[in-house]
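To keep things clear, I will list the structure first and then write my remarks on it.
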Amino acid sequence: MSIAALDLDLDVFTGPFDLLLTLVLREEIDLFELQLADVVLAYLDHLESSGELDLESATEFIVLIAALLELKSRLLLSGEDEELLDLEPDEAAEELLAKMLDARRYRAAAGYLRELFAAEGGVRFRAAPLPEYLRRSTEEPTDDRSKIGQQDPAVLGESIGRLLHMPPAISLRHILVPRVSVVARLAHLRGLLRRGRFSFDEAVSGADRMTVAVTVFALLELYRRGEARWDQAENFGDISVHAVAEPLRVAG
Amino acid sequence: MTDSAEHAHTIEALLFLSTDPLSPRELADATQASEEAVAAALTQLAEEYAPGRRGLRLRELAGGYTFATDPASENAARRLFSRPRAFTLTPAQAETLAIVAYLQPISRPEISRIRGVSADSAATILLERGLIEESGRSQFGAVLYRTGTLFLKLFGLRTLDDLPDVARWDPTPEEQAELRDRLLRAGEARSGGGPGAIEE
Amino acid sequence: MTDSAEHAHTIEALLFLSTDPLSPRELADATQASEEAVAAALTQLAEEYAPGRRGLRLRELAGGYTFATDPASENAARRLFSRPRAFTLTPAQAETLAIVAYLQPISRPEISRIRGVSADSAATILLERGLIEESGRSQFGAVLYRTGTLFLKLFGLRTLDDLPDVARWDPTPEEQAELRDRLLRAGEARSGGGPGAIEE
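Below, the structure is given as structure tokens:
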């Protein structure tokens, strides 16, 4: 089954996974309100009920959920932009500073507006229809065209022309095409395992974040199949992976 | 300021706000005062707003009280409100009117789909001004709209065939599809309605 | 009765009839008088309707003049009309409104970019309430928004120029420098971070 068709029943959304993704990218669903953990749980339920792990669709799922997580974490980090990642730290800091100042400025302005609004509390205006003698269509045609402001039909053609413009398409290419698959990372890890033991840092050296994420998943898969175990001496420390056949000594 | 002056002020404000005449009972309930107090306040207001003293008068109508303008202001009011104003279409109204003009009869939901945002307030104003009118219902029960005689007069057209050819403003004139289909496609791409906008 | 008293009465009547604030120019046209005469009449009315003197006040709002109630009558008005005078403004709506007020015309994507979160539902509610309105489209086809008369009226502003300079809410140069330092340190930490950050 393609991951796109994975049926979800969440607080904020019910429907297939690919539609959820589309709606999130178009900001019709607020990513803040979407519990990504629920999406993961729905996927795990699906895995459990289907009883088999299709590595291709697993890859697809990880890539997509990772993309959503990245998107959400960026939103949470006060609107960091993609370009920021390619900038030098000082440039990125400047850019971020400008954004933070902007956001802060208008938050303060919003507070000011709310004060104004409250100060005007209790002031009401009259909104009654005009008396009968004044209710006459103001656009009634008269002989004197200048009085009603003759309209130019070109206005209509221009409006249609503007509406015919296709907006630039939203591209999903960068996340819908996995650059890395669980299958490939499994093969990579198995190659390393032939040595009996390897370090996770080494396995993902030079890899991008997506590859690292998929490699973690491949590692979990090796563990599930009983091919490998690992240990980690300290939090955030290197993970040492070893083949299960080898007599092992687990540290920590 | 005395309590009774304040009470009269409140009643003045209520009469000013209300579209319909207010009865002494309603005024007493709203101001949490006795009907006697309301009567006293109304007497005071009737004096202050006696004919000729202000631009407004306090009138007793249909068992209630209401403010009305002094007839002396009628000519000025006519000049202000009945004067044919050089009316201008807002961009939203121009878009909505153009869609109705070229695609009539057409329903509101369809207009909104083409615009990519709601067309409700624009359509309501065009209806009020008599530039568009209802024209039956679609097979799904939505009200359909068309332009009327006033539209043709305002735009100096004899018939709808005189509408300018859109080709002049068409960004992709080589496209063969019908105008309606192309507008719907572009509109859905703008609002994110259909999968057409997503490149995969 | 003098002519000038009569003129003031007529203006009083016109202000009562009109839902929107009327500019001195409109009042001069309608009453066929000079703008000086209108100014004199408005000064007289402003005195007669000064705060505390009546149940109504003459207000200068949204580029013109209009009558509004004295807030002292609000409780009675609420009882009579059994609804609050207006809506409440959530922080998200206030923020969206502030961005539109200061940066108009502006599109939804731009508002969202500044806020850091989607502004769609807030913008839709502001539109429904008439606080913001459409103002054409950007070169990419996105609908642009601006504030309208109702915004100025409800917020007690004569014009948008009455809004204070946004720069007044900027942090001091010292605070900015400190913020920059902190960001720089965070940026360096991030560019030095590797895959080691992945937890088992």
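Residue numbers (numbering that gives the first Met the number 0), protein chains in the order written: chain A, 0 to 251; chain B, 0 to 199; chain C, 0 to 199.
Yeah, the Cβ is synthetic: ideal placement off N, Cα and C, and Gly gets one too.
None of the values given here were measured: they were computed from a predicted structure.
The ligand MG heavy atom lying under 7 Å from the CB of residue i
{"i": "R112 (chain B)", "result": "Questions concerning the ligand MG fall outside what the structure shown contains, since it holds no ligand whatsoever."}
Which listed residue (the options) has its alpha carbon closest to that of residue i
{"i": "G115 (chain B)", "options": "B:Q43, B:E47, B:A40, B:L182", "result": "B:L182"}
{"i": "E59 (chain C)", "options": "C:V165, C:S33, C:A45", "result": "C:A45"}
{"i": "F60 (chain A)", "options": "A:V179, A:F12, A:V122, A:Y105", "result": "A:V179"}
{"i": "I110 (chain C)", "options": "C:V37, C:T95, C:A32, C:S22", "result": "C:T95"}
{"i": "L153 (chain C)", "options": "C:R24, C:F15, C:G62, C:A39", "result": "C:G62"}
{"i": "A4 (chain A)", "options": "A:H45, A:L35, A:D29, A:D37", "result": "A:H45"}
{"i": "G186 (chain B)", "options": "B:R136, B:E133, B:S117, B:T158", "result": "B:S117"}
{"i": "V213 (chain A)", "options": "A:D237, A:D8, A:L54", "result": "A:L54"}
{"i": "E127 (chain C)", "options": "C:I113, C:R136, C:L149, C:Q138", "result": "C:L149"}
{"i": "R78 (chain C)", "options": "B:T89, B:E35, B:Y48, B:E25", "result": "B:E25"}
{"i": "A153 (chain A)", "options": "B:A166, B:V142, B:A141", "result": "B:A166"}
{"i": "G51 (chain C)", "options": "B:G135, B:R184, B:H6", "result": "B:H6"}
{"i": "P172 (chain B)", "options": "A:A65, A:V181, A:D200, A:I159", "result": "A:I159"}
{"i": "L16 (chain C)", "options": "B:P70, B:A38, B:T42", "result": "B:P70"}
{"i": "A121 (chain B)", "options": "C:D119, C:A121, C:G135", "result": "C:G135"}
{"i": "E226 (chain A)", "options": "A:A117, A:L219, A:A232, A:A242", "result": "A:A242"}
{"i": "L162 (chain A)", "options": "B:G129, B:D119, B:D161, B:A91", "result": "B:A91"}
{"i": "E132 (chain B)", "options": "B:A176, B:L151, B:Q138", "result": "B:L151"}
{"i": "V142 (chain B)", "options": "B:H8, B:L156, B:T42, B:T123", "result": "B:T123"}
{"i": "R103 (chain A)", "options": "C:E174, C:I10, C:S22, C:E11", "result": "C:E174"}
{"i": "A32 (chain C)", "options": "C:G129, C:L125, C:I10", "result": "C:I10"}
{"i": "Q138 (chain B)", "options": "B:R157, B:T158, B:L159, B:S106", "result": "B:S106"}
Per-residue contacts from residue i into chain C (C-beta, under 9 Å)
{"i": "M209 (chain A)", "result": "Neighbours of M209 (chain A) on chain C: none; closest Cβ ~12 Å, over 9 Å."}
{"i": "E25 (chain B)", "result": "L79"}
{"i": "F308 (chain A)", "result": "Nothing in the structure corresponds to residue 308 (chain A), since chain A is present only between 0 and 251."}
Inter-residue CB distance, residue i and residue j (contact presumed, cutoff 8 Å)
{"i": "H65 (chain C)", "j": "F124 (chain A)", "result": "Here residue 65 (chain C) is Thr; the residue named in the question, His, does not match the sequence. Yes, T65 (chain C) and F124 (chain A) are in contact; Cβ-Cβ is about 6 Å, under 8 Å."}
{"i": "R113 (chain A)", "j": "A100 (chain C)", "result": "About 12 Å separates the two Cβ atoms, so there is no contact after all."}
{"i": "R189 (chain B)", "j": "P166 (chain A)", "result": "5 Å"}
{"i": "Y144 (chain C)", "j": "P104 (chain C)", "result": "6 Å"}
{"i": "L30 (chain A)", "j": "L70 (chain A)", "result": "6 Å"}
{"i": "A75 (chain C)", "j": "A29 (chain B)", "result": "5 Å"}
{"i": "L100 (chain A)", "j": "D169 (chain C)", "result": "6 Å"}
{"i": "A40 (chain C)", "j": "S3 (chain C)", "result": "7 Å"}
{"i": "W229 (chain A)", "j": "V240 (chain A)", "result": "4 Å"}
{"i": "V11 (chain A)", "j": "L33 (chain A)", "result": "6 Å"}
{"i": "E233 (chain A)", "j": "V181 (chain A)", "result": "Not really, about 28 Å apart at Cβ, beyond 8 Å."}
Chain-ordered chain A contacts of residue i [CB-CB under 8 Å]
{"i": "P163 (chain B)", "result": "P152, A153, L155, G156"}
{"i": "G186 (chain B)", "result": "L162"}
{"i": "G63 (chain B)", "result": "Those do not exist, as G63 (chain B) stays about 14 Å from chain A at its closest Cβ, beyond 8 Å."}
Interface partners of residue i on chain B, CB under 9 Å
{"i": "P15 (chain A)", "result": "Those within 9 Å of P15 (chain A) in chain B number zero; the least Cβ separation is about 12 Å."}
{"i": "A91 (chain C)", "result": "What A91 (chain C) touches in chain B: nothing, since even the nearest Cβ is about 19 Å away."}
{"i": "V142 (chain C)", "result": "P90, A91, R114, G115, V116, R189"}
{"i": "Q231 (chain A)", "result": "Near Q231 (chain A) there are no residues of chain B at all, since even the closest Cβ is about 39 Å away, more than 9 Å."}
Sheet register partners of residue i (DSSP bridge)
{"i": "A124 (chain A)", "result": "The sequence given here places Phe at residue 124 (chain A); Ala does not occur at that position. DSSP lists C:A67 as partners of F124 (chain A)."}
{"i": "G14 (chain A)", "result": "A:L7"}
{"i": "S49 (chain A)", "result": "None, per the DSSP bridge assignment."}
{"i": "E59 (chain C)", "result": "C:Y64"}
{"i": "I64 (chain A)", "result": "Note: I64 (chain A) sits in no beta bridge, so no partner."}
{"i": "Q231 (chain A)", "result": "A:I238"}
{"i": "S106 (chain B)", "result": "B:L143"}
{"i": "F197 (chain A)", "result": "A:V240"}
Chain-ordered chain C contacts of residue i [CB-CB under 8 Å]
{"i": "L70 (chain A)", "result": "Near L70 (chain A) there are no residues of chain C at all, since even the closest Cβ is about 12 Å away, more than 8 Å."}
{"i": "L96 (chain A)", "result": "Q175, L178, R179, L182"}
{"i": "R125 (chain A)", "result": "F15, T18, F66"}
{"i": "E5 (chain B)", "result": "A71"}
{"i": "L112 (chain A)", "result": "L88, A93, L96, A97, A100, F154"}
Chain A contact residues for residue i, given Cβ-Cβ distances below 7 Å
{"i": "I98 (chain C)", "result": "Y105"}
{"i": "E94 (chain B)", "result": "S158, L162"}
{"i": "R200 (chain C)", "result": "The displayed coordinates of chain C run from 0 to 199. Any statement about residue 200 (chain C) would go beyond what the structure contains."}
Partner residues on chain B for residue i, Cβ-Cβ distance less than 8 Å
{"i": "M99 (chain A)", "result": "Here the premise fails: no neighbours, minimum Cβ distance about 29 Å."}
{"i": "L133 (chain A)", "result": "A76, R77, F80, S81"}
{"i": "E35 (chain C)", "result": "Going along chain B, no residue has its Cβ under 8 Å from E35 (chain C), so there is no contact; the nearest lies around 17 Å."}
Chain A contact residues for residue i, given Cβ-Cβ distances below 9 Å
{"i": "Y101 (chain C)", "result": "R104, Y105, A108"}
{"i": "D169 (chain C)", "result": "L100, R103, R104, A107"}
{"i": "G155 (chain C)", "result": "L115, F116, A118, E119, V122"}
Contacts that residue i makes with chain C (C-beta to C-beta distance below 7 Å)
{"i": "E109 (chain B)", "result": "Correct list: empty, because the minimum Cβ distance to chain C is about 18 Å."}
{"i": "D44 (chain A)", "result": "Going along chain C, no residue has its Cβ under 7 Å from D44 (chain A), so there is no contact; the nearest lies around 23 Å."}
Under 7 Å from the C-beta of residue i: neighbouring residues of chain B
{"i": "R53 (chain C)", "result": "H8, E11"}
{"i": "L252 (chain A)", "result": "Residue 252 (chain A) is absent from the model: chain A starts at 0 and stops at 251."}
{"i": "L129 (chain A)", "result": "F80"}
Every unbroken beta strand (DSSP E) within the segment 121-182 of chain B, with a cutoff of 3 residues, ordered by chain: Counting whole runs of 3 or more residues, the segment 121-182 of chain B contains the beta strand (DSSP E) stretches 131-136, 142-146.
Taking the runs of the alpha helix (DSSP H) that are 4 residues or longer, which of them lie wholly in the segment 11-36 of chain C? 23-30
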